[in-house]
Amino acid sequence: MKNSQKRKTSLSDKKLQYFKELLLDKRSETQKELDTIRDIQSNLDEADDADYSSRAHHMGDVGSEEQESEMNYLQIERLREYIMHINDALERIENKTYGICQATGKQIPLERLEAVPHTRYSMEAKEEGLIQNN
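Numbered per UniProt numbering, the sequence shown spans residues 1 to 134.
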């Protein structure tokens, strides 16, 4: 909603700082998790490259490794997307539009922000079908 881009939050600077710190903590935790999964996947890739020509592969092992690799890549993508949502929320804090529903232009209740601090939408918008997949 275009109006929500112009509307400023009614949250106090203290509340905005609280959510900023909460989001920064979540981003840091998520980045650590992302780095760990990337390291695991990198090790799997290296081990697979080293072992590929030196030993016979049992089809079950290959399938399990491929499944684990696919799950890692899906998790990496999910975490990267989550970090992007956090960064977007931090930007909204900086420009004082944090906590404004981008579908309705109304203030998002604190309970919703506590539960999903990176959200751009109110439950009202979700329930009314004004948004998809968020």
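From the three backbone atoms N, C-alpha and C, an ideal C-beta is built for every residue, glycine too.
Owing to the predicted nature of the structure, the values given are computational and were not obtained by experimental measurement.
How many Å lie between residue i and residue j at the Cα?
i	j	result
A103	Y18	24 Å
Q31	K106	31 Å
L44	Y82	24 Å
residue 156	E127	The question about residue 156 has no answer here: the residues shown for the chain are numbered 1 through 134.
G129	H85	20 Å
E65	E46	12 Å
K26	S69	25 Å
Y121	A89	11 Å
S12	L110	12 Å
E114	E29	17 Å
M123	N95	23 Å
L16	T119	14 Å
S42	E77	15 Å
Looking only at its own chain, which residues have a Cβ that is under 6 Å from the Cβ of residue i, when we skip the five neighbours before and after it?
i	result
P117	F19, L22 and L23
T131	It should be noted that the sequence gives Ile, not Thr, for residue 131. Within the same chain, I131 has close Cβ partners A103, Y121 and A125.
State yes or no: is the C-beta of residue i within less than 8 Å of the C-beta of residue j?
i	j	result
T97	K14	no
C101	I108	yes
Q67	I37	no
I40	N87	no
DSSP has residue i in a bridge; who is on the other side?
i	result
I100	Q107
Among residues of its own chain, excluding the 5 on either side of residue i, which ones have a beta-carbon nearer than 8 Å to its beta-carbon?
i	result
T80	Reading off the sequence, residue 80 comes out as Arg, not Thr. Here the set comprises L34.
E91	none
Please go through the same chain and pick out, in chain order, the residues whose beta-carbon is closer than 7 Å to the beta-carbon of residue i, but skip the five residues on each side of it.
i	result
S10	Q107
G99	T9, L11, Q107, I108 and L113
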